[in-house]
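Read through the structure below, which is laid out as structure tokens, and then see the notes.
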Amino acid sequence: MAESRRGVVTGRPYLTPEERVKRGRSARRDAPRSSHGEWEPAPDRRPVIDQLEAQASTSVADLVPIRYGRMIESPFRFYRGAASIMAADLASTPRSEMRAQLCGDAHLLNFRLLGSPERRLVFDINDFDETLRGPWEWDVKRLAASLAIAGRENGFDDHQREIVVRTMAGGYREAMRAFAGMTSLDVWYAHGSTERIRELYTDQLDAQRRKNFRRMLEKAKGRDSLQAAEKLTTTVDGRPRIVADPPLVVPLADLLPDLERGEVEAWIRDLVRRYSRSLRSDLRMLLDQYRVVDMARKVVGVGSVGTRCWIVLLAGSDEQDPLFLQIKEANRSVLADYAGESPYAHQGHRVVAGQRLMQAVGDILLGWKRGEDAHGGSHDFYVRQLRDWKGILESRTMVPHSMRIFGELCGATLARAHARSSDRIAIASYLGKGDGFDRALARFAEVYADQNERDHQALVEAVDRGRIRAQAA
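Position one of the sequence shown corresponds to residue 1 (full-length UniProt numbering), numbered consecutively onward.
Put into structure tokens, the structure is as follows:
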């Protein structure tokens, strides 16, 4: 029987490793690696306030001022909420025309410690609200700019920031070259264990920072549903209830009048039941051992403020067996206007599929469902555990040396995530052995950090003039 030259699932043409290497090298002609250092705002760039208001038009109105209140706090907080602005800016930048599944919002605080199903801590990407297939360069550039912006916030000088960004880009490049030499199965099995993180941090940091790092590891293991229940609930008439912390956490009983509350409660219970169909059969059996106890609206993050987000408290064998689920609205990716639409009609399915593709290990209860709200509106949601051994390395406490180490880890982790869904051999060939791409990314990061500061100032001025209302929370 003749050997097929096409993929067994999609039927895409098969290229030999030699052909893929050639593809990567030839891409340098149309998009030289040095060209990635270039960026300037387009002549027809929309005013930043117009862009923010357009995005807010689909958000929960009473939460939008909280989002603006968080974004005006600093240029870095602004950047975290400005993924849609940067998506438009990246659309005109050079690209090698090699695509991967993108995080879509790959700033440094979206890389953190997570719990694997085997109860090991791993280092991986955390947030996939904007995930979509697109040019791999876009994720790397968003990560690069975030490091430069965070470095400015921490008072790093120009040279220190350049070293941080170049090290991240080098970490991405070297990891992609390593993945290019691995089998496809070995790439799939690769994951970011905490051993490499522990090695870097314990070998290269002073005693106090090593102590802080070890404390953070232990704290991450304690961030689970039991800890969430201790922090977020109280006992009322012998039953656990979510504690109100308005406007960030508002129990359903405090949010709506009795009649409407009953409708929304029934809707959320039904959504939890029906979302289970997106899980494996064994995990549906696990979820069936729980019952819904209470629910609340919750404000999360910076860029996500304004989306419909609920937390649901469930109990298993008794109240000492809690499970917290987060039901989060999934809207169209901010990349879609520039990278093309998702093949998934359901935006929650898009988020879950992207997360499963990019993460080495993931939340066993991650799933999706479309829901009709009490007013007949239709919204797409994805569901995950609220807390599952999550730990974050705070950028505000990083000195140049520790941010350089962290950036290298983020770059290598992003390369692993991209290698699963891209032509890793062609991308590695395009990047090459030299540091030309690394140096270009450092230039881009500084130029874009300047633009981000101007955009942040525009928002501050709009708030001062009263055009936009901001609320601290």
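Ideal Cβ placement from N, Cα and C applies to all residues, glycine included.
Nearest to residue i by CA position, among the options, is which residue?
i: V468; options: G7, V60, S116 and R67; result: The question names Val, yet the displayed sequence has Ile at residue 468. Among G7, V60, S116 and R67, the Cα nearest to that of I468 belongs to R67.
i: V21; options: G181, H159 and G104; result: G181
i: I49; options: P32, G81, P135 and R396; result: G81
i: R269; options: P322, D258 and I327; result: I327
i: E408; options: E162, M98 and G171; result: G171
i: Y290; options: D105, A360, L325 and P17; result: L325
i: D157; options: M295, P400, G466 and I405; result: P400
i: G24; options: Y189, V60, A88 and M98; result: M98
i: S184; options: P17, A27, A445 and L63; result: P17
i: T233; options: V293, D282 and W267; result: V293
Buried or exposed for residue i, please, with buried defined as at least 16 other CB atoms from any protein chain shown within 10 angstroms of its CB.
i: E40; result: exposed
i: Y448; result: buried
i: K369; result: buried
i: H159; result: exposed
i: G134; result: buried
i: A100; result: buried
i: residue 478; result: This structure cannot settle anything about residue 478, because the visible part of the chain is limited to 1 through 473.
i: W188; result: exposed
i: P65; result: buried
i: R465; result: exposed
Kindly indicate the opening and closing residues of the beta strand (DSSP E) around residue i.
i: C309; result: C309 to A315
i: A296; result: R291 to K298
i: R112; result: F111 to G115
i: G134; result: L132 to P135
i: D380; result: S378 to Q385
i: Q326; result: P322 to E329
i: I125; result: L121 to I125
At what residues does the alpha helix (DSSP H) containing residue i begin and finish?
i: V21; result: P17 to D30
i: G170; result: D158 to A180
i: residue 474; result: This structure cannot settle anything about residue 474, because the visible part of the chain is limited to 1 through 473.
i: H456; result: G436 to R465
i: V352; result: Q347 to M358
i: S184; result: S184 to Y189
i: D363; result: It is not in any alpha helix (DSSP H) - D363 carries neither H nor E in the DSSP assignment.
Can you name, in chain order, every residue of its own chain whose Cβ lies under 6 Å from the Cβ of residue i, other than the five neighbours on each side?
i: F276; result: Reading off the sequence shown, one finds Ser at residue 276, where the question assumed Phe. Excluding positions up to five away in sequence, the list reads R284 and L287.
i: F76; result: I149, A150 and E153
i: T10; result: none
i: S35; result: P94
i: L15; result: none
i: L271; result: K369 and G371
Just to confirm my understanding: we take residue i, look at its own chain, exclude 5 residues before and 5 after, and list those with CB closer than 8 Å. What are they?
i: M1; result: Per-residue confidence for M1 stands at a pLDDT of 47, beneath the threshold of 50, marking its modelled position as unreliable; no derived number is given.
i: I72; result: F78, H456, L459, V460, V463 and A470
i: M176; result: A415, H418, A419, R424, I427, A428 and L431
i: K211; result: none
What residues in its chain sit with their C-beta under 7 Å from that of residue i, if we drop five residues either side in the sequence?
i: P13; result: R5 and R6
i: T413; result: F111, F123, D124, I125 and G192
i: M168; result: L143, A144, L147, G407, E408, C410 and G411
i: K306; result: Position check: residue 306 holds Gly in this sequence, whereas Lys was assumed. So the list reads A56, S59, V60, L63, V64 and R67, once near-sequence residues are dropped.
In chain order, which continuous runs of the alpha helix (DSSP H) of length 4 or greater are located wholly inside the stretch 235 to 267?
-> 252 to 255
May I have a chain-ordered list of the beta strand (DSSP E) segments no shorter than 3 residues that lie completely inside the stretch 38 to 112?
-> 99 to 102
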